[in-house]
DNA sequence: CACCATATGCCGCCAACTTACATATGTAAA
DNA sequence: TTTACATATGTAAGTTGGCGGCATATGGTG
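Residue numbers (my numbering), protein chains in the order written: chain Z, 185 to 284; chain Y, 185 to 284.
This is the structure:
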């Protein structure tokens, strides 16, 4: 899993969000380091939904603009956790932070 | 930077190594999780040398077999550290391990 | 009027990884 | 002795996912 994908899942950790809200949330979570291109975002959402890591939970129209809300599935939550653990372990190989 | 690349650099942290030694060291460091295909390895070595993150430090022939030894450059060491910090921070977003 | 924020989406390109193949020696097992 | 595996390096073709650019549409601000 690559970084943009990881942060997209991470953005859905606390609550379901629609595409654009994910965009801003990812920037927030990464402290501005990751700013998703919309091409990356919407293609990733389709792919992750196909893979069953996220799912559409609501379609609404606000001010004439469509909003499609996505939420993590059980699989998605597990994959996100696993990925975080993997990264933490990989980081420790170099940082040698507490042999845990 | 993707995982295979990260572990290739990490394998050179303590001392210079030749390709095949990097292969086995990566498996060791990742506890068997990452087993590099030779295609990935040798192409990555070329690329990383081109980018100045690693450099050839010695060419030798042992038992009729060539060995090309690579070492981290200053840039490579810095890039590796930066990547490790980035991953640790990204992992914390999900794991919320000690606000540091 | 132009521009930006909000909101979604497509298309072509490219970098990096994967799979498979190719080559060569030394050693251990069948 | 011949088969197979560890050691050692490399190339070629194919896949994936992220990037940049473009398109579309509304509402608010300079």
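We put the CB at the ideal spot given by N, CA and C, even for glycine.
Which of helix, strand or coil DSSP assigns to residue i
| i | result |
| --- | --- |
| residue 187 (chain Z) | helix |
| residue 256 (chain Y) | strand |
| residue 261 (chain Z) | helix |
| residue 280 (chain Z) | coil |
Burial state of residue i (16 or more Cβ within 10 Å)
| i | result |
| --- | --- |
| residue 250 (chain Y) | exposed |
| residue 195 (chain Y) | buried |
| residue 260 (chain Z) | buried |
| residue 209 (chain Y) | buried |
| residue 267 (chain Z) | buried |
| residue 186 (chain Z) | exposed |
| residue 218 (chain Y) | buried |
| residue 262 (chain Y) | exposed |
| residue 201 (chain Z) | buried |
CB of residue i within 8 angstroms of CB of residue j, strictly
| i | j | result |
| --- | --- | --- |
| residue 188 (chain Z) | residue 222 (chain Z) | no |
| residue 237 (chain Y) | residue 207 (chain Y) | no |
| residue 228 (chain Y) | residue 239 (chain Y) | no |
| residue 197 (chain Z) | residue 278 (chain Y) | yes |
| residue 272 (chain Y) | residue 275 (chain Z) | yes |
Chain Z contacts made by the stretch 259-283 of chain Y, where a contact means CB separation under 9 angstroms: 264, 265, 267, 268, 269, 270, 271, 272, 273, 274, 275, 276, 277, 278, 279, 281
Residues, ordered as in the chain, of the stretch 186-209 of chain Z that lie near chain Y by beta-carbon distance below 8 angstroms: 186, 187, 190, 191, 194, 197
Ranges of the beta strand (DSSP E) found wholly within the stretch 195-256 of chain Y, counting only runs of at least 3: 238-246, 249-256
Contacting positions in the stretch 226-247 of chain Z - beta carbon closer than 7 angstroms to chain Y: none
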